[in-house]
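Numbering (this note's numbering), first residue to last: 87 to 295. The beta-carbon is built from N, C-alpha and C at its ideal position, and this holds for glycine as well.
Laid out in structure tokens, this is it:
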């Protein structure tokens, strides 16, 4: 069973990353995707090993962004691949067969491609503008998700779809109504952790119920 809420880690340093991951887990997140672009390879390995231990402690799913070799090295639960990353077919030959492979999609055509590649889940976005990621693809908005999910329903294509990109707490209800499986967030949880706004964070987690 895939969680309905994914936290994509944030932080410029290892300390910030671990702090944010730990707080997300402590507040109920049970799916963590490690994304750390600024560190050295050694720092990334250290961070991945520590994050893996944290996720194991909380019985949370641990996914590595972009790097199947690191996933294999630290025995993470899986990897998430961008559209320009290594192909799903190649990654399947690297990882054990039971590892999770997720993939990014920006359009209906991307979703079909990911489905045909036998991805286990799809992160579809961006929903709206976000500062977390540079070089954004065209924004989908609520109508974009509605259109894509309707086409998938008509074609009887079933795969867990996660909305991602600039999602705020007030967006969650309408997004879930489109038929997506869940949401993937970064800034929403990170910012609330930094502001110590625990009440709002707990509200966000209702999608797991």
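_Backbone CA spacing between residue 239 and residue 171 [nearest angstrom]_ = Translated into the one-based positions of the chain shown, residue 239 becomes position 153. Translated into the one-based positions of the chain shown, residue 171 becomes position 85. Distance from the CA atom of residue 239 to the CA atom of residue 171, rounded to whole angstroms, is 28 angstroms.
_Which listed residue (253, 166, 194 and 252) has its alpha carbon closest to that of residue 118_ = Reading the chain shown from its first residue, position 32 is the one you call residue 118. Selection 253, 166, 194 and 252 evaluated against residue 118 yields 166 as nearest (Cα-Cα).
*Since residue 249 contacts residue 92 with CB under 8 angstroms, what's their CB separation in whole angstroms?*
Along the chain shown, one-based indexing puts residue 249 at 163. Along the chain shown, one-based indexing puts residue 92 at 6. At roughly 10 angstroms, the Cβ-Cβ gap does not stay under 8 angstroms, so residue 249 and residue 92 are not in contact.
_Inside the region 144-217 only - alpha helix (DSSP H) runs reaching at least 4 residues_ = Taking 4 residues as the shortest admissible run, the region 144-217 contains the following complete alpha helix (DSSP H) segments, listed from N- to C-terminal end: 154-160, 174-180 and 194-202.
_Beta-carbon proximity of residue 235 to residue 273, cut-off 8 angstroms_ = For the purposes of this step, residue 235 is taken as residue 149 along the chain shown, with counting starting at 1. For the purposes of this step, residue 273 is taken as residue 187 along the chain shown, with counting starting at 1. Between residue 235 and residue 273, the gap from beta carbon to beta carbon reaches 8 angstroms or more.
*For residue 184, is the classification buried or exposed, using 16 other Cβ atoms within 10 angstroms of its Cβ as the cut-off for buried?*
In the chain shown, residue 184 corresponds to position 98, counting from 1. Taking every protein chain shown into account, the CB of residue 184 has fewer than 16 other CB atoms within 10 angstroms, so this residue is exposed.
_Selected residue, minimal CA-CA separation from residue 204, among 156, 244 and 231_ = As a first step, residue 204 is located in the chain shown; it is residue number 118 there, counting from the start. It is 244 whose Cα lies nearest to the Cα of residue 204.
*With a CB to CB cut of under 6 angstroms and the five nearest residues on each side skipped, what residues in its chain are close to residue 276?*
For the purposes of this step, residue 276 is identified with residue 190 of the chain shown, where counting begins at 1. Scanning its chain for C-beta atoms nearer than 6 angstroms, with the 5 sequence neighbours on each side dropped, one finds around residue 276 the residues 96 and 106, in chain order.
_Same chain, Cβ closer than 7 angstroms to residue 158, five either side skipped, listed in chain order_ = Taking the chain shown and counting its residues from 1, the one referred to as residue 158 is at position 72. Only residues of its own chain outside the window of five on either side were considered, and among them 180 and 181 have a CB closer than 7 angstroms to the CB of residue 158, listed in chain order.
*What are the partner residues of residue 270, as DSSP defines its beta bridges?*
Mapped onto the chain shown, residue 270 falls at position 184. Beta-bridge pairing by DSSP links residue 270 to 92 and 250.
*Look at the alpha carbon of residue 210 and the alpha carbon of residue 154, and state the distance between them as a whole number of angstroms.*
As a working note, residue 210 is residue 124 in the chain shown. As a working note, residue 154 is residue 68 in the chain shown. Roughly 20 angstroms between the two C-alpha positions.
*Rounded separation between residue 115 and residue 140 - CA only*: Residue mapping note: residue 115 aligns to position 29 of the chain shown, counting from 1. Residue mapping note: residue 140 aligns to position 54 of the chain shown, counting from 1. One C-alpha to the other measures close to 12 angstroms.
*Under the rule that 16 or more other beta-carbon atoms within 10 Å means buried, what is residue 137, buried or exposed?*
Here residue 137 refers to the residue found at position 51 of the chain shown. Buried: at least 16 other Cβ atoms inside 10 Å.
*asked:* The alpha helix (DSSP H) that contains residue 236, what's its start and end?
replied: Here residue 236 refers to the residue found at position 150 when the chain shown is read from its first residue. Residues 227-240.
_Using only CA atoms, which one of 135, 190 and 228 lies nearest to residue 206?_
The count along the chain shown starts at 1 and reaches residue 206 at position 120. With distances taken between Cα atoms, residue 206 lies closest to 190.
*asked:* If I measure Cβ to Cβ from residue 177 and keep anything under 8 angstroms in the same chain, skipping five residues before and after, which residues do I get?
replied: One-based indexing of the chain shown puts residue 177 at position 91. Cβ-Cβ distances below 8 angstroms link residue 177 to 154, 165, 167 and 187 in the same chain, with the five nearest sequence neighbours on each side left out; the list follows chain order.
*Have a look at 98, 208, 152 and 227 and flag the residue whose alpha-carbon is nearest the alpha-carbon of residue 258.*
For this step, residue 258 is matched to residue 172 along the chain shown. Comparing Cα positions, the closest option is 227.
*Could you check where the beta strand (DSSP E) with residue 119 kicks off and where it finishes?*
Position 33 of the chain shown, counting from 1, holds the residue named residue 119. Looking at the DSSP string, the run of the beta strand (DSSP E) that includes residue 119 is 117-120.
*What are the boundary residues of the alpha helix (DSSP H) that includes residue 263?*
Position 177 of the chain shown, counted from the start, is the residue given in the question as residue 263. Looking at the DSSP string, the run of the alpha helix (DSSP H) that includes residue 263 is 258-263.
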